Amino acid sequence: MASTWRGIRDSVIVLVETGSHWSDTTFPAGTDASGDIFGGWVLSQMDIAAGTTAAQRAKGRSATVAINEMRFHAPVHVGDLFTVNTHIVKTGKTSMAIHVESWVKRQRTSERLMVTEADFTFVAIEASGVKRALPPI
Ligand SMILES: CC(C)(COP(=O)(O)OP(=O)(O)OC[C@H]1O[C@@H](n2cnc3c(N)ncnc32)[C@H](O)[C@@H]1OP(=O)(O)O)[C@@H](O)C(=O)NCCC(=O)NCCS
Numbered sequence: 607m608a609s610t611w612r613g614i615r616d617s618v619i620v621l622v623e624t625g626s627h628w629s630d631t632t633f634p635a636g637t638d639a640s641g642d643i644f645g646g647w648v649l650s651q652m653d654i655a656a657g658t659t660a661a662q663r664a665k666g667r668s669a670t671v672a673i674n675e676m677r678f679h680a681p682v683h684v685g686d687l688f689t690v691n692t693h694i695v696k697t698g699k700t701s702m703a704i705h706v707e708s709w710v711k712r713q714r715t716s717e718r719l720m721v722t723e724a725d726f727t728f729v730a731i732e733a734s735g736v737k738r739a740l741p742p743i
């Protein structure tokens with residue numbers, strides 16, 4: 607799958623893969639008091655991934671209007687390979703419902719498991735921020 611370097615942020619190198627997911631090795635920046643990856647960082651990666659999918663479907667700008675059923679099933683440990691998967695489950699006139707899951711591959715055991723999931727809603731918007739109808743696929 608083709609990929610592009612998205613940049614370096616807080617010592618975390620993010621590799622964006624075209625399509626609906628990307629992987630990222632987690633480093634100590636952004637850990638919580640227990641030494642696991644901060645939940646807010648995980649949520650932001652999910653929002654960025656869903657936003658990438660929404661922008662592709664909307665063929666342009668879109669905005670997050672809702673995040674529902676956010677579930678944290680297991681912690682993300684430093685060193686895990688972190689991946690976000692997105693799936694558009696429904697579209698309306700202007701909106702897109704996107705189910706988002708994040709998965710890890712544990713560094714030491716190579717075990718793969720889903721660590722979070724949530725249902726995001728994005729709305730296609732004009733450059734001015736006003737909602738717009740989704741274009742045909
Ligand atoms: C996006 C925005 C322009 C939409 O304008 P709006 O007048 O609220 O639009 P509507 O209430 O008509 O909703 C638009 C669509 O979103 C859906 N929607 C709105 N709120 C929703 C919610 N909480 N859950 C699910 N769907 C929702 C509506 O059902 C509608 O879908 P449809 O057009 O496919 O039928 C406006 O809400 C906005 O600017 N929000 C802030 C976005 C933002 O800044 N996000 C980043 C946060 S940091």
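To convert a position in the sequence shown, counted from 1, into my numbering, add 606. C-beta: ideal position from N, C-alpha, C; glycine also. Here the structure is a predicted model, which means the values were calculated and not measured.
Closest by CA to Gly685, which one among Thr700, Glu717, Ala655?
-> Position 79 of the sequence shown, counted from the start, is the residue given in the question as residue 685. Measuring from the Cα of Gly685, the nearest candidate turns out to be Glu717.
Where the beta strand (DSSP E) containing Asp653 begins and where it ends | Here residue 653 corresponds to residue number 47 of the sequence shown, with the count starting at 1. Bounds of any beta strand (DSSP E) do not take in Asp653; it lies within the alpha helix (DSSP H) bounded by 645-664.
Return the bridge partner residues of Met720 from the DSSP annotation.
-> Counted from its first residue, the sequence shown places residue 720 at position 114. Met720 is bridged to Trp709.
How long is the line joining the alpha carbons of Asn691 and Val682, rounded to whole angstroms?
-> Residue numbering aside, residue 691 sits at position 85 when the sequence shown is read from its first letter. Residue numbering aside, residue 682 sits at position 76 when the sequence shown is read from its first letter. Each residue's alpha carbon lies about 15 Å from the other.
Work out the CA separation of Ala733 and Gly625 for me, nearest whole Å.
-> Against the sequence shown, residue 625 aligns to sequence position 19. Against the sequence shown, residue 733 aligns to sequence position 127. Its pLDDT being 41, under 50, Gly625 is placed unreliably by the model, and nothing is read from it.
At a cut-off of 7 Å, is Ile743 close to ligand 1 when judged by its beta-carbon and the heavy atoms of the ligand?
-> Within the sequence shown, the letter at position 137 stands for residue 743. No - ligand 1 has no heavy atom lying nearer than 7 Å to the Cβ of Ile743.
For Leu687, the first and last residue of its enclosing beta strand (DSSP E) = On the sequence shown, residue 687 is found 81 positions in, with the first residue counted as 1. Leu687: member of the beta strand (DSSP E) spanning 687-697, first to last residue.
Skipping 5 residues on each side, what residues in its chain have a beta carbon closer than 6 Å to that of Pro741?
-> Position 135 of the sequence shown holds residue 741. By the criterion of a C-beta distance shorter than 6 Å, Pro741 is surrounded in its chain by Lys665, once the five residues flanking it on both sides are discounted.
Compare the Cα-Cα distances from Ala739 to each of Arg663, Ile643, Thr700, Asp725 and report the closest residue.
-> As a working note, residue 739 is residue 133 in the sequence shown. Ranking Arg663, Ile643, Thr700, Asp725 by Cα distance to Ala739 puts Thr700 first.
Since Phe695 contacts Ile704 with CB under 8 Å, what's their CB separation in whole angstroms?
-> One-based indexing of the sequence shown puts residue 695 at position 89. One-based indexing of the sequence shown puts residue 704 at position 98. Going by the sequence as given, residue 695 is Val instead of Phe. Between Val695 and Ile704 a beta carbon distance of about 7 Å is seen, short of the 8 Å cut, so the two are scored as contacting.
Leaving out five residues before and five after Glu574 in sequence, what residues of the same chain have Cβ atoms less than 6 Å from its Cβ?
-> In the structure as shown, the chain starts at 607 and stops at 743, and residue 574 therefore has no counterpart that could be examined.
Which residues in the same chain have their Cβ closer than 7 Å to the Cβ of Ile614, if we skip the five residues on either side of it in sequence?
-> Taking the sequence shown and counting its residues from 1, one reaches residue 614 at position 8. Confidence is the limiting factor: at Ile614 the pLDDT is only 33, short of 50, which leaves the residue's position unreliable, though a coordinate-based value still follows. Correct list: empty, nothing qualifies.
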